[in-house]
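What follows is a set of notes on a single structure, which appears directly below.
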Amino acid sequence: MIIKTTELKRSFEVGSETVEAIKGINLEVKAGEFLAITGPSGSGKTTLMNIIGCLDTPTSGEYFLNNKLVNELNENELAGIRNKEIGFVFQSFHLLAKNSALDNVLLPMKYAGTNIDEATIRAKHVLDQVGLTDRMNHGPTELSGGQQQRVAIARAMVNKPSILFADEPTGNLDSKTEGEVMGLFKELNEDGQTIIVITHEENIANQSKRIINIKDGLIESDTNI
Amino acid sequence: MLFKESLISAISSIRSNSIRSFLTSLAIIIGTAAVIAVIGIGSSAEKALEASIDDLGGRTLYVAPGQNRRGAVTKGLIPLDIKDAEALAKYKEHDWEISPTITRNRQVKFGNANINQRIGAYLPIHFGVRGYELESGRLFDEDDNLGRKRVVVLGSKIPSELKTMAGNLLNKEILIAGTSYKVIGILKEEGSTGWQNPDEELYIPLLTGSQRVFGTPNVDSINVGISNDQNVDEIMMSIEQILRAKHDIGPGQDNDFRISDYSQFADLRRQATGIFTLLIAAIAGISLVVGGIGVMNIMLVSVTERTREIGLRKALGATHSAIMLQFVVEAILLCIIGGLIGLLIGTGILWICATLFDWPFALPIGAMIGSITFSAMVGLFFGIWPAKKAAKLDPATSLRYE
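Top to bottom, those sequences are chains H and L.
The opening residue of the first sequence carries number 316 in the numbering used here; numbering runs sequentially from there.
The opening residue of the second sequence carries number 404 in the numbering used here; numbering runs sequentially from there.
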């Protein structure tokens, strides 16, 4: 089991009120799954992703990542987990604008302390996997939206994470490049990569193998396709 | 690798906001430039002073007219005259060189050139005491002096002041205060001593000067040259006894002349320069601190602007200290770059001053290292708070920051 949560809750203080974003989520994800988390805005799917992506910690409940209890780890241990176990792909790509594609892909390995020669070989390899060998010295402004997202996927994959998180990965793309990116996810999944896609688009969710629908902070449905 | 990444990120951030970075580090630039220029000028001036003291060859005591006070009434300066100098010269107990001087500015004409220049009347030994050397011709001697001959030796820059060449002046007549004098010699270039420039002076025999040009037996000062192994206090006592007797000063009355040691001047001047340098350096230090506040301000802006970037870096695994390092390095780099620019400007100012005043140009290496280190410390000190702020940002919220 890669992910196991029990009664996961997260509340926020908004002014004098306490808002419960997720209200007790029990979720299990096995290695090699291709999962889509769907739900309308405000359903709590982003909060859930933040917690299982170790960007945030739950107010209560337990979260095991690779059988390790994560919610009691400190800031730096969480940073280490984000670095090694989790790869993020965001809607707006989040590439460093002044760095080349290669430098963007190198960044997680710099935080991991990987030796620069080895890091460069690995970065070039993943860029080759996403089909950007000839574009790796270009900056984000010289790349199309689809290419930028592929750089982001290469960056997410370079430290060989346990889970690849994609938060509305096709939200800023046209339908053709959307197909390319989803195709890439399928390929990665076929190679054994665990992928969790957060989306509100039904056709994206339908390309995964399991759909979890969140509503009002709780799992409403859990469907295997 | 992380440090290198921080450095690269800092350079790229500073470059992409180059005008903002420049304005931010302006106070650092000005502060460093001021420190380098002031300390450099101070030490160059001191070196010039030391060189001029060395030029005097051994030690020179300086006897000058003093105040004549009777009770509370000051009766002006009692002059020293040639006879006082002669009295000292006659005293053979000590091995000293007595060199009285009279210097005044007078009109000097040659052809169409007409300049107002310093004329110095000296004994022939003056050239030896100062170590001045001839370029061409000869120096005046005791016969010239006793004969009140109308002869003149020129400093090396005088020919060009008179808009001609040295060769055209030797053995020619020039007019000093309307009377013609024969140019018998031209000196080699001596260089400024920081007090006066011997290259821009005309030298005539003492008695010639006293009787023909200035019309006074009074001298400005009497230099007493002694070798370094002589006892200064003893010499001073002898000078005092001779002059008191000559001036008829009774017991209990004050001297009407002053005896000073050049090295005392030097000490005083060194002290004054030191205090002045310290003062300016302190003001420049304040400027550096003010600059640091500017850097902190702009770093806070930078942290806010780059909230999303910080969120992303954290999502990719940047630890608290990695983010801290990135922003501290940027603040330090900003200050060091400012410091280096200031260093160049300060060195430029120093070079201009040294050239202008003919001082030896010496780089104040200590001040240079010191001010760059201080700039870096300022960057570190004022960069820590913004960097902490950046490191504390919550990754989940920063990623969504608009």
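Just so you know, even glycine gets a beta-carbon here, dropped at the ideal spot from N, CA and C.
As the structure is a computational prediction, the values presented were derived from the model and not from experiment.
The beta carbon of H/F403 sits closer than 6 Å to those of A471 and F480, all from its chain and outside the five residues before and after it, given in chain order. Per the DSSP secondary-structure output, H/E535 pairs with nothing in a beta bridge. Under the DSSP assignment, H/Q464 falls in the alpha helix (DSSP H) whose first and last residues are G460 to M472. Residue range F660 to D664 is occupied by the beta strand (DSSP E) that includes L/D664, with no alpha helix (DSSP H) assigned at that position. In terms of CA proximity to L/G534, L/E592 leads the group L/E576, L/D546 and L/E592. With fewer than 16 other beta carbons inside 10 angstroms of its own, H/T456 counts as exposed. DSSP places L/P468 within a strand segment (E or B) once states are collapsed to three. Distance from the CA atom of L/Q644 to the CA atom of L/N634, rounded to whole angstroms, is 16 Å. Residue environment: H/D489 is assigned as exposed (fewer than 16 neighbouring CB atoms within 10 Å of its CB, all protein chains considered). When beta bridges are read from the DSSP output, L/V441 appears opposite no residue. Taking 7 Å as the Cβ-Cβ cut-off, the segment 511 to 535 of chain H has no residue approaching chain L. In the three-state DSSP reduction, H/E322 falls in the strand class (E or B).
Residue burial is scored here from C-beta neighbours: H/D482 has at least 16 other C-beta atoms within 10 angstroms and is therefore classed as buried.
Around the Cβ of H/T333, a 10 Å sphere holds fewer than 16 other Cβ atoms; the residue is exposed. For the options L/L753, L/V441 and L/D546, the alpha carbon positioned closest to that of L/I607 is the one of L/D546. The three-state secondary structure of H/K413, taken from DSSP, is coil.
The shortest C-alpha to C-alpha distance from L/D484 to any of L/R509, L/G612 and L/S583 is the one to L/G612. The three-state secondary structure of H/G402, taken from DSSP, is strand. One finds nothing in chain H with a Cβ atom closer than 8 Å to the Cβ of L/A793; even the nearest lies about 14 Å away.
For the set L/T619, L/P654 and L/L542, the Cα lying nearest the Cα of L/T504 is the one of L/T619. Distance from H/T353 to H/A520 at the Cβ level is roughly 5 Å; contact confirmed, criterion being Cβ atoms closer than 8 Å. A Cβ-Cβ separation of about 22 Å leaves H/V344 out of contact with H/P423 under the 8 Å criterion. Taking the C-beta atoms as reference points, H/T509 is found nearer than 9 Å to H/S477. With the rule of 3 Cβ pairs closer than 8 Å, the segment 491 to 511 of chain H does not count as touching the segment 427 to 440 of chain H. Residue-level contact check: H/H409 touches chain L, since one or more beta carbons of chain L fall below 9 Å from its beta carbon. Per the C-alpha coordinates, the member of H/S523, H/L533 and H/K530 positioned closest to H/N539 is H/S523. No Cβ of chain L is located within less than 9 Å of the beta carbon of H/L380.
At a cut-off of 9 Å between beta-carbon atoms, H/K360 makes no contact with chain L. Scanning L/A516, L/G786, L/G594 and L/P468 for the CA closest to the CA of L/P562 turns up L/A516. In summary, the residues of the segment 709 to 729 of chain L whose CB is separated from some CB of chain H by less than 9 Å are R711, E712, G714, L715, R716, K717, A718, L719, G720, A721, T722, H723, S724 and A725, in the order they occur in the chain. At a beta-carbon threshold of 7 Å, the residues of chain H lying near L/S415 are K413, ordered along the chain. Counting C-beta atoms within 10 angstroms of its own C-beta, L/K493 has fewer than 16 neighbours from the protein chains shown and is therefore classed as exposed.
In terms of CA proximity to L/G714, H/D371 leads the group H/G330, H/R325, H/S326 and H/D371. For L/L537, the enclosing beta strand (DSSP E) covers residues L537 to G540.
Residue state for L/Y606 is assigned as strand, using DSSP reduced to three classes. Neighbourhood of L/L405 in chain H, by CB distance below 9 Å: K425, Y426 and G428, in chain order.
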